[in-house]
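Top to bottom, those sequences are chains V and X. If you use my numbering, the first sequence corresponds to residues 101 to 377, in order. If you use my numbering, the second sequence corresponds to residues -5 to 301, in order.
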Amino acid sequence: MTTVMRYSLKETMRKRTIAAAGGLTFLFLLLFFLFLKWVGPPPAIPGSEFLAGLTYLYLGLFAAYVMIALFSVLIYVATVSQEIDDGTLLAVLPRPIRRYELLLGKWLGLAVMVLCYSALLFFGLVVIDQAQYGPVVASAHDLFLAYGDFLLEGLVVSAVTLLGSTLTATMTNGIVVSSAVLIAFLGGALEQLGALTSSAPAFTVIGWITSLIMPTDALYRRALYQLLGNHAYAGAVAGFGPFGAVKPPGEGMVFYGLLYLVGMLLLAVWHFGHRDL
Amino acid sequence: MKAILTLGLTKYYHRRIACDHIHLSVNQGEIFGLLGPNGAGKSTLVKMLIGLVNPSAGSARVLGCPLGQLASRRRIGYLPELFRYPPWLTAGEVLDYHAALLGFRLNAEAGDELLARVGLRGRRRERVRSFSKGMQQRLGLAVALVGDPDLIFLDEPTSALDPVGRFEVSQLLLQLREEGRTIFLNSHLLSDVEKICDSVALIDQGRVRFHGTLAEALSSEGTRAYRLNVGGLEAGDVDLLRGRWPGLVVQWGRPSDAVLRVILPREGVPSLVTALVERGIRVYEVAADETSLERWFLNRLGKDRTV
């Protein structure tokens, strides 16, 4: 498994995936930094620094949420399907390696990339935002819990995409998983909107359903809550409507996310282990 | 012990049967040729033997082990028909990767030696993306040889090679046989199969139509194709000869120097030569056509046609 993992990482380096992803992330963070510099300090009203810091951090984290999901889809989308089409796997699988070792080796190798990418993006945004507006996050503990949710979001997407890669063609897989992430966001946004504006259960129900199908959005809202739930500004998690976390998912969602991740990996292993190549 | 023994190996894809109760055996240390038209079930059979496809029924033993066992897979090399190694790796890294999967580290010298053996001397540091199709096929052969396998499955190993490459690979396969390795060759190039294989099996529509030695295959046919290099052929000679030997054709040439091709039993050759000489035609050479396996192949499949 470690051999496959090592070669998966080597592949990302040789294909310049790391260089491209790292370069673009730095560019994104640079633009975020320049934007905060150019937009200047907020009016000298008490609490306005908090509010500005929160607003821009929300904005940045929403972009990070989308980018991590897309990154995970793109680096995993061809993992198995493309290698079957190319015949690469046909030469490898007759070797004395079990299929689950190959699949999990590939997943782990690329998961290191997801971990680095999400860490760079998440901590980069927080550091830049706090450098400009002072402490926004209540504690380092909250910060790492929030990062854990962000990372889990990326890993959940990676596991679903890996499963899709064992089931279907590369393009179909990419479209299906990207759409699922988008639908999860829309469901989550409706749930937040419902919490702010309506007591109709439809808002909540649709949010639950989409979160169960694809828990990425719930994990994102949970991360926002971890980050800002204890904020000095009481309306921090509710102040951004459908983009905020007025009704944050509980801890159970994190456990569900973990179970979902393991479940998807097991399904991928099971299906790949039984399929004819 | 047989290198491969299949007992009623069967594979269905939904309702379509790809392999229908295949009973085969391959002796250790021989070159075995698996023949058959496109879609006959050859690749499915190979894939079942190396664990890429799960059989629907039947069983098989490869190097004494049931299908898919890691113990037998350690002793197997495989060159797929359609494959592409990661273009971002060097040839040496491809070999290293496969060695690592086998659980050992291939040193640079051994890697160079393997590449030299398949005609890629000095190419270890070159990226696969710079390789031509033929070079990739040679690299595939080198990969199949990583770990000194006892049994090597080769699926169309010379399809992308030029005549020199095909000859070199044929020589390599003969060397490998001398070393005591068993080779399972799946190829459409019947002239190559005829030159190097000890035994063959013919599969059509998922069923084994013939299984035996190459000599048995060719002798079972009774007739062979012969080429006759002749001179002094005159207009009307061919039509006259065709009256007695309907399949006789002029393959190429001019009256002074032509090649005739005819299919007939071995016993019929002297009377043909006599008839030619009696008509004043000079016979320089009579040779059994090297593609007689092709004739056998077509006859066996019921697709005989006058060549």
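For each residue, glycine too, the CB sits at the ideal point set by N, CA and C.
Task: Per DSSP, the bridge partner or partners of leucine 73 (chain X) - done: Start at 1 with the first residue of the second sequence, and residue 73 (chain X) comes out as number 79. The partner list for leucine 73 (chain X) (beta bridge, DSSP) reads X:Leu148.
Open item on the list: I'd like to know whether the C-beta of isoleucine 146 (chain X) is nearer than 7 angstroms to at least one C-beta of chain V.
Closed with: As a first step, residue 146 (chain X) must be located in the second sequence, where it is residue number 152. Chain V, which has no Cβ nearer than 7 angstroms to the Cβ of isoleucine 146 (chain X), makes this no.
- [ ] Could you please give the first and the last residue of the uninterrupted beta strand (DSSP E) stretch that includes isoleucine 184 (chain V)?
- [x] Stepping through the first sequence from its first residue, residue 184 (chain V) is reached at position 84. Per DSSP, isoleucine 184 (chain V) belongs to no beta strand (DSSP E); it is in the alpha helix (DSSP H), 181 to 186.
Open item on the list: Just to confirm, is the Cβ distance from isoleucine 118 (chain V) to threonine 125 (chain V) under 7 angstroms?
Closed with: Taking the first residue of the first sequence as position 1, residue 118 (chain V) is located at position 18. Taking the first residue of the first sequence as position 1, residue 125 (chain V) is located at position 25. Against a cut-off of 7 angstroms, the Cβ pair of threonine 125 (chain V) and isoleucine 118 (chain V) comes out as no contact.
Open item on the list: Counting only C-beta atoms, is leucine 100 (chain X) closer than 7 angstroms to chain V at any point?
Closed with: One-based indexing of the second sequence puts residue 100 (chain X) at position 106. Cβ-Cβ to chain V under 7 angstroms: no for leucine 100 (chain X).
Task: Cβ neighbour criterion (16 or more within 10 Å) applied to leucine 78 (chain V) - done: Past the boundaries of the shown model lies residue 78 (chain V); chain V is included only from 101 to 377, so the question cannot be answered.
Task: Where the beta strand (DSSP E) through serine 193 (chain X) begins and ends - done: Counting from one through the second sequence, the residue named residue 193 (chain X) turns up at place 199. First-last of the beta strand (DSSP E) with serine 193 (chain X): 193 to 198.
Task: Close-in-space but distant-in-sequence residues of the same chain around leucine 319 (chain V) (CB under 6 angstroms, 5 per side omitted) - done: Against the first sequence, residue 319 (chain V) aligns to sequence position 219. Hits under 6 angstroms: Asp249, Leu252, Glu253 and Gly357.
TODO: Just the C-alpha distance for glycine 350 (chain V) and glycine 209 (chain V), rounded to the nearest angstrom, thanks.
DONE: Mapped onto the first sequence, residue 350 (chain V) falls at position 250. Mapped onto the first sequence, residue 209 (chain V) falls at position 109. One C-alpha to the other measures close to 30 angstroms.
Open item on the list: Do arginine 55 (chain X) and leucine -1 (chain X) count as a contact pair if the criterion is CB distance below 7 angstroms?
Closed with: Taking the second sequence and counting its residues from 1, the one referred to as residue -1 (chain X) is at position 5. Taking the second sequence and counting its residues from 1, the one referred to as residue 55 (chain X) is at position 61. Cβ atoms of leucine -1 (chain X) and arginine 55 (chain X): closer than 7 angstroms.
Open item on the list: Is there a Cβ of chain V sitting closer than 7 angstroms to that of phenylalanine 77 (chain X), yes or no?
Closed with: Position 83 of the second sequence holds residue 77 (chain X). Yes - at least one Cβ of chain V is within 7 angstroms of the one on phenylalanine 77 (chain X).
- [ ] Report buried or exposed for valine 376 (chain V), applying the criterion of at least 16 other Cβ atoms within 10 angstroms of its Cβ.
- [x] Within the first sequence, the letter at position 276 stands for residue 376 (chain V). In the sequence as presented, valine is not what sits at residue 376 (chain V); that position holds aspartate. With fewer than 16 Cβ atoms within 10 Å of its Cβ, aspartate 376 (chain V) is classed as exposed.
Open item on the list: Looking at proline 142 (chain V): is its Cβ nearer than 7 angstroms to the Cβ of glutamate 149 (chain V)?
Closed with: On the first sequence, position 42 is the one that residue 142 (chain V) refers to. On the first sequence, position 49 is the one that residue 149 (chain V) refers to. Contact: yes.
Task: 8 angstroms contact criterion, which leucine 190 (chain V) and leucine 46 (chain X) should meet: CB distance rounded - done: As a first step, residue 190 (chain V) must be located in the first sequence, where it is residue number 90. As a first step, residue 46 (chain X) must be located in the second sequence, where it is residue number 52. Yes, leucine 190 (chain V) and leucine 46 (chain X) are in contact; Cβ-Cβ is about 6 angstroms, under 8 angstroms.
Task: Separation of leucine 203 (chain V) from valine 212 (chain V), as counted between CA atoms - done: In the first sequence, counting from the first residue as 1, residue 212 (chain V) sits at position 112. In the first sequence, counting from the first residue as 1, residue 203 (chain V) sits at position 103. Rounded to the nearest angstrom, the two C-alpha atoms are 15 angstroms apart.
Open item on the list: For valine 47 (chain X), would you say it is in contact with chain V, using Cβ-to-Cβ distances shorter than 7 angstroms as the test?
Closed with: Numbered from its first residue, the second sequence carries residue 47 (chain X) at position 53. Chain V contact via Cβ: present.
- [ ] Decide if methionine -5 (chain X) is buried, meaning its Cβ has at least 16 other Cβ atoms within 10 Å, or exposed.
- [x] Taking the second sequence and counting its residues from 1, the one referred to as residue -5 (chain X) is at position 1. It counts as exposed.
Task: leucine 3 (chain X) (DSSP reduced to helix, strand or coil) - done: For the purposes of this step, residue 3 (chain X) is taken as the residue at position 9 of the second sequence. Here leucine 3 (chain X) sits in strand by DSSP.
TODO: Could you give the DSSP three-state label for aspartate 90 (chain X): helix, strand or coil?
DONE: Along the second sequence, read from residue 1 onward, the residue named residue 90 (chain X) stands at position 96. Correct three-state label for aspartate 90 (chain X): helix.
- [ ] Output yes if chain V places a C-beta closer than 7 angstroms to the C-beta of proline 74 (chain X); else output no.
- [x] What you label residue 74 (chain X) is simply residue 80 of the second sequence in a count that begins at 1. It does; some Cβ of chain V falls within 7 angstroms.
Task: Euclidean distance between Cα positions of methionine 101 (chain V) and glutamine 232 (chain V) - done: Residue 101 (chain V) sits at position 1 when you count from the first residue of the first sequence. Residue 232 (chain V) sits at position 132 when you count from the first residue of the first sequence. C-alpha separation (whole angstroms): 44 angstroms.
Open item on the list: With distance defined between alpha-carbon atoms, name the residue in V:Val226, V:Gly341, V:Pro194 and V:Val257 nearest to leucine 365 (chain V).
Closed with: Residue numbering aside, residue 365 (chain V) sits at position 265 when the first sequence is read from its first letter. Measuring from the Cα of leucine 365 (chain V), the nearest candidate turns out to be V:Val257.
Open item on the list: I need the straight-line Cα distance from glutamate 288 (chain X) to glycine 71 (chain X), nearest angstrom please.
Closed with: As a first step, residue 288 (chain X) is located in the second sequence; it is residue number 294 there, counting from the start. As a first step, residue 71 (chain X) is located in the second sequence; it is residue number 77 there, counting from the start. Answer to the nearest angstrom: the Cα atoms are 28 angstroms apart.
Task: Beta-carbon proximity of isoleucine 25 (chain X) to aspartate 192 (chain X), cut-off 7 angstroms - done: For the purposes of this step, residue 25 (chain X) is identified with residue 31 of the second sequence, where counting begins at 1. For the purposes of this step, residue 192 (chain X) is identified with residue 198 of the second sequence, where counting begins at 1. Yes, Cβ-Cβ distance for isoleucine 25 (chain X) and aspartate 192 (chain X) is below 7 angstroms.
- [ ] Tell me, to the nearest whole angstrom, how far the beta carbon of arginine 260 (chain X) is from that of glycine 23 (chain X); I am working on the premise that it is less than 8 angstroms.
- [x] Position 266 of the second sequence, counting from 1, holds the residue named residue 260 (chain X). Position 29 of the second sequence, counting from 1, holds the residue named residue 23 (chain X). 31 angstroms between Cβ atoms; not a contact.
Open item on the list: Check for me: the beta strand (DSSP E) holding arginine 255 (chain X) runs from which residue to which?
Closed with: Start at 1 with the first residue of the second sequence, and residue 255 (chain X) comes out as number 261. 251 to 259 is the extent of the beta strand (DSSP E) around arginine 255 (chain X).
Task: With 16 other Cβ atoms within 10 Å as the buried cut-off, status of glutamine 326 (chain V) - done: On the first sequence, residue 326 (chain V) is found 226 positions in, with the first residue counted as 1. Glutamine 326 (chain V) comes out buried.
TODO: Taking only the alpha-carbon atoms, compute the straight-line gap between leucine 221 (chain V) and methionine 167 (chain V) and give it to the nearest angstrom.
DONE: The residue you call residue 221 (chain V) lines up with position 121 of the first sequence. The residue you call residue 167 (chain V) lines up with position 67 of the first sequence. The straight-line gap from Cα to Cα measures roughly 9 angstroms.
Open item on the list: Rounded to whole angstroms, what is the Cα-Cα separation between arginine 255 (chain X) and leucine 43 (chain X)?
Closed with: Counted from its first residue, the second sequence places residue 255 (chain X) at position 261. Counted from its first residue, the second sequence places residue 43 (chain X) at position 49. Distance between the alpha carbons of arginine 255 (chain X) and leucine 43 (chain X): 40 angstroms.
Task: Three-state class that DSSP yields for arginine 106 (chain V) in the structure shown - done: The sequence position of residue 106 (chain V) within the first sequence is 6, counting from 1. DSSP places arginine 106 (chain V) in helix when its eight states are reduced to three.
Open item on the list: Per DSSP, what are the beta-bridge partners of isoleucine 25 (chain X) in this structure?
Closed with: Walking along the second sequence from the start, residue 25 (chain X) turns up at place 31. X:Ile177, per the DSSP bridge assignment.
Task: Rounded distance between the beta-carbons of aspartate 149 (chain X) and leucine 73 (chain X), thought under 8 angstroms - done: Locating residue 73 (chain X) in the second sequence gives position 79, where the first residue counts as 1. Locating residue 149 (chain X) in the second sequence gives position 155, where the first residue counts as 1. Leucine 73 (chain X) to aspartate 149 (chain X), Cβ: 6 angstroms. Contact.
Task: Where the segment 171 to 195 of chain V meets chain X: residues whose CB sits under 8 angstroms from a CB there - done: Asp186, Gly187, Thr188, Leu190, Ala191, Val192, Leu193, Pro194 and Arg195
- [ ] Would you verify that the beta carbon of arginine 67 (chain X) is, or is not, closer than 7 angstroms to some beta carbon of chain V?
- [x] Your numbering for residue 67 (chain X) matches position 73 in the second sequence. Yes, its Cβ sits closer than 7 angstroms to a Cβ of chain V.
TODO: Mind checking which residues open and close the alpha helix (DSSP H) that includes threonine 84 (chain X)?
DONE: Position 90 of the second sequence, counted from the start, is the residue given in the question as residue 84 (chain X). Neither: threonine 84 (chain X) is in no alpha helix (DSSP H) and is coded neither H nor E.
- [ ] Whole angstroms is fine: what's the gap from leucine 109 (chain V)'s alpha carbon to valine 173 (chain V)'s?
- [x] Position 9 of the first sequence, counted from the first residue, corresponds to residue 109 (chain V). Position 73 of the first sequence, counted from the first residue, corresponds to residue 173 (chain V). Rounded to whole angstroms, leucine 109 (chain V) to valine 173 (chain V) spans 16 angstroms at the Cα level.
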